[in-house]
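To start, the structure under review is shown below, and the notes come after it.
2 protein chains.
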Amino acid sequence: MERIAEGEYAVMEVLWDEAPLTAADVAARVPEDRGWSLATVKTMLSRLLAKGVLSHEEDGRRYLYRPTIRREDYVAEESGRLIDRMFGGRVPALVAQLAARDKLTAADIAEIETLLKALKS
Amino acid sequence: MERIAEGEYAVMEVLWDEAPLTAADVAARVPEDRGWSLATVKTMLSRLLAKGVLSHEEDGRRYLYRPTIRREDYVAEESGRLIDRMFGGRVPALVAQLAARDKLTAADIAEIETLLKALKS
DNA sequence: GAAGCAGAATTACACATGTAATCGACAGGG
DNA sequence: CCCTGTCGATTACATGTGTAATTCTGCTTC
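In the order they appear, the protein sequences are chains A and B. Quick note: the first sequence uses this note's numbering, first residue 3, plus one each step. Quick note: the second sequence uses this note's numbering, first residue 3, plus one each step.
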């Protein structure tokens with residue numbers, strides 16, 4: 003699967019959330035703080051099309067864009083990449099890292115424990 | 003903290019493992035499968051110096067390079083970034099993801115549970 | 001002392017990415 | 001029917017990254 007750049011990812015998020023959408027709709031939904039012009043969003047859309055992670059269908063003289071890949075799949079791939087690179091593929095090492103950095107609240111811990119317990123059954 | 007590119011990260015790994023080292027030493031220790039020439043490694047070293055994540059001291063007419071940032075710190079930052087971007091900052095969501103993808107072996111689960119139990123004491 | 005070698009510094013060049021502006025076609029309002 | 005606004009397509013341009021080659025400079029060896 004093609005790599006999706008950071009900025010492009012913001013566009014994908016919009017379309018994973020709601021699709022299909024026109025370029026203008028996507029632009030309207032991209033987080034404000036990006037400060038992107040419509041032109042910029044259109045560039046992103048073209049590049050994502052070129053990467054094959056979006057498809058478009060015609061709607062009059064506009065296009066409606068929609069993702070061709072599932073968010074979970076992409077997220078899984080990216081997480082896997084990071085875990086491989088930074089933790090030698092060892093998930094427990096990642097969790098230990100987070101723990102050492104106080105990134106885990108008591109609620110997080112409880113939630114994860116419940117989750118793991120369910121896995122074992 | 004400056005962002006470190008994928009390739010540059012490979013150089014950092016070498017120096018986190020053992021420092022200080024000369025450019026030639028780093029080149030010798032970079033994973034074979036990168037297939038990098040010494041020149042490429044030197045470019046990486048300059049860029050990392052420019053980013054401030056390496057420092058060098060003179061040793062005769064060579065340099066000895068060493069990291070100025072700790073591996074744990076960088077890894078923590080990168081993991082945080084990914085968790086924020088892809089899981090809305092929610093660690094349990096990441097774990098659920100991994101679980102759903104069968105990325106957790108029984109041993110992993112046991113290890114994580116032990117880890118979490120220790121945290122609560 | 002000249003020539004070559006070993007290091008760093010400088011330069012190169014293609015592709016990715018962020019961030020648009022411009023161009024050409026067409027549809028709808030006056 | 002023509003003008004203008006709206007689309008997608010094409011082009012632009014700076015910076016980052018992968019991957020070096022070339023140059024400069026000083027030590028070593030004849």
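All C-beta atoms in this analysis are idealised placements derived from N, C-alpha and C, irrespective of residue type, glycine included.
Which word fits residue 2 of chain A, buried or exposed, when buried means at least 16 other C-beta atoms lie within 10 angstroms of its C-beta? Residue 2 of chain A lies beyond the stretch modelled for chain A, which goes from 3 to 123, so this question has no answer here.
Against residue 110 of chain B, what residues of chain A qualify as contacts under a CB-to-CB distance less than 7 Å, listed in chain order? The residue labelled residue 110 of chain B in the question sits at position 108 within the second sequence. Per Cβ cutoff of 7 Å: 93, 94.
Since residue 88 of chain B and residue 77 of chain A are thought to touch, with beta carbons under 8 Å apart, how far apart are those beta carbons, to the nearest angstrom? Taking the second sequence and counting its residues from 1, one reaches residue 88 of chain B at position 86. Taking the first sequence and counting its residues from 1, one reaches residue 77 of chain A at position 75. Between residue 77 of chain A and residue 88 of chain B the Cβ distance is about 5 Å, and since that is below 8 Å, they are a contact.
Is the Cβ of residue 103 of chain B closer than 7 Å to any Cβ of chain A? Stepping through the second sequence from its first residue, residue 103 of chain B is reached at position 101. Yes, contact with chain A.
Identify the contact partners of residue 113 of chain A in chain B, using a Cβ-Cβ distance below 7 Å as the criterion. Locating residue 113 of chain A in the first sequence gives position 111, where the first residue counts as 1. Ordered by position in chain B, the residues that pass the 7 Å Cβ test against residue 113 of chain A are 94.
Kindly say whether residue 13 of chain B, judged by its beta-carbon, lies nearer than 7 Å to any beta-carbon of chain A. Residue 13 of chain B sits at position 11 when you count from the first residue of the second sequence. No, because no Cβ of chain A sits closer than 7 Å to the Cβ of residue 13 of chain B.
Chain B contacts made by the segment 55-82 of chain A, where a contact means CB separation under 8 Å: 74, 77, 78, 80, 81, 82
Own chain residues within Cβ distance below 7 Å of residue 12 of chain A, not counting five before or after: In the first sequence, the residue the question calls residue 12 of chain A occupies position 10. Hits under 7 Å: 32, 33, 36.
Residues, ordered as in the chain, of the segment 41-53 of chain B that lie near chain A by beta-carbon distance below 7 Å: none
Please report the residue range of the beta strand (DSSP E) in which residue 57 of chain B lies. Here residue 57 of chain B refers to the residue found at position 55 when the second sequence is read from its first residue. Unbroken beta strand (DSSP E) run through residue 57 of chain B: 56-61.
Going by the beta-carbon positions, is the gap between residue 150 of chain B and residue 63 of chain B smaller than 7 Å? The structure shown has nothing for residue 150 of chain B, since chain B only spans 3 to 123.
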